[in-house]
Amino acid sequence: TERLDSLDILINCAGIQLRKPAIDLTPEEFNHMYDVHATGSLRCAQAAARIFIPQGSGCIINVASVCSFVDNIEVSAYAAAKSAVLGLTRSLANEWVKHGVRTNAIAPGFVVTDLNRQNLVGTDRGRRILERTPAARFGQASEMAGTAVYLASPAAAFVNGQTIVVDGGFLACGFTDSVAGEQ
Numbered sequence: 257t258e259r260l261d262s263l264d265i266l267i268n269c270a271g272i273q274l275r276k277p278a279i280d281l282t283p284e285e286f287n288h289m290y291d292v293h294a295t296g297s298l299r300c301a302q303a304a305a306r307i308f309i310p311q312g313s314g315c316i317i318n319v320a321s322v323c324s325f326v327d328n329i330e331v332s333a334y335a336a337a338k339s340a341v342l343g344l345t346r347s348l349a350n351e352w353v354k355h356g357v358r359t360n361a362i363a364p365g366f367v368v369t370d371l372n373r374q375n376l377v378g379t380d381r382g383r384r385i386l387e388r389t390p391a392a393r394f395g396q397a398s399e400m401a402g403t404a405v406y407l408a409s410p411a412a413a414f415v416n417g418q419t420i421v422v423d424g425g426f427l428a429c430g431f432t433d434s435v436a437g438e439q
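Here you go:
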């Protein structure tokens, strides 16, 4: 591997998904989910911090999920791993800010990707999600970029240890009988 002399930003966005009832999860499946999301984020952050700390600056952006905050049936390993990413974000933020390294997270809502397209588009589950999302649509991966640009910019110089949810209002909707777009 080549050694980088400088680095400004790390975005940890590797991800996998496994839909399976919790009772049927094997320890290997659960651990694999953690390895990719939580352990992978830590290892990449450690590598970046070895550059950030000596240079006195850096920005780490971890990608979490709305599943870190609310239940999503049959994705318990994913939800647990993404919740761990939030804890990791706060811990690294507190530990490394004294070295000029800020750590934050983005928690996307339901964004259509190759990973989840078959479970969202044109399905009953997808319809229910859209009914609960005030924006009444799924997000696009490109819509996460603006939040990342903000977090990496000088405009966010005092933002540390935070998670910004980008979900079209999904979490704000709460428990309600209203349907998106209706009053």
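Be aware that the sequence shown starts at 257, since it is given in the numbering used here, and climbs by one per residue. All C-beta atoms, glycine included, are put in the ideal place defined by N, C-alpha and C.
Do you know offhand how far residue i's Cα is from residue j's?
i: Gly-395; j: Ile-317; result: 19 Å
i: Gln-439; j: Val-415; result: At Gln-439 the pLDDT is 44, less than 50, meaning the model places this residue with poor confidence; the figure from the coordinates comes in the next sentence. Cα to Cα, the separation comes out at about 35 Å.
i: Arg-346; j: His-293; result: 15 Å
i: Asn-350; j: Ala-411; result: 19 Å
i: Met-289; j: Asp-370; result: 18 Å
i: Arg-393; j: Glu-387; result: 9 Å
i: Val-326; j: Gly-425; result: 13 Å
i: Ile-329; j: Ala-397; result: 22 Å
i: Arg-383; j: Phe-286; result: 28 Å
Taking 9 Å as the cut-off, decide whether the C-beta atoms of residue i and residue j are in contact.
i: Val-322; j: Asn-268; result: no
i: Asn-360; j: Thr-282; result: no
i: Lys-276; j: Ala-333; result: yes
i: Asp-264; j: Cys-315; result: yes
i: Ala-305; j: Val-357; result: yes
i: Ser-324; j: Ser-313; result: no
i: Thr-403; j: Gly-365; result: no
i: Ile-307; j: Ser-262; result: yes
i: Val-331; j: Gln-374; result: no
Can you look up residue i in the DSSP assignment and give me helix, strand or coil?
i: Ala-391; result: coil
i: Ile-317; result: strand
i: Pro-310; result: helix
i: Val-367; result: strand
i: Ala-336; result: helix
i: Ala-361; result: strand
Hey, residue i and residue j are a contact pair by Cβ (cut 8 Å); roughly how many whole angstroms apart?
i: Ala-363; j: Val-421; result: 5 Å
i: Leu-344; j: Ser-297; result: 6 Å
i: Val-377; j: Val-367; result: With a Cβ gap of about 12 Å, Val-377 and Val-367 do not count as contacting.
For the ligand ATP, is there any heavy atom lying closer than 8 Å to the beta carbon of residue i?
i: Gln-302; result: Of ligands this structure carries none, so the ligand ATP is not represented either.
Suppose the cutoff is 8 Å on Cβ atoms and the five residues either side in sequence are ignored; what does the same chain contact list for residue i look like?
i: Leu-427; result: Val-322, Phe-325, Val-326, Gly-365, Val-421
Apart from the five residues on each side of it in sequence, which residues of its chain come closer than 6 Å, Cβ to Cβ, to residue i?
i: Leu-407; result: Ile-317, Asn-360
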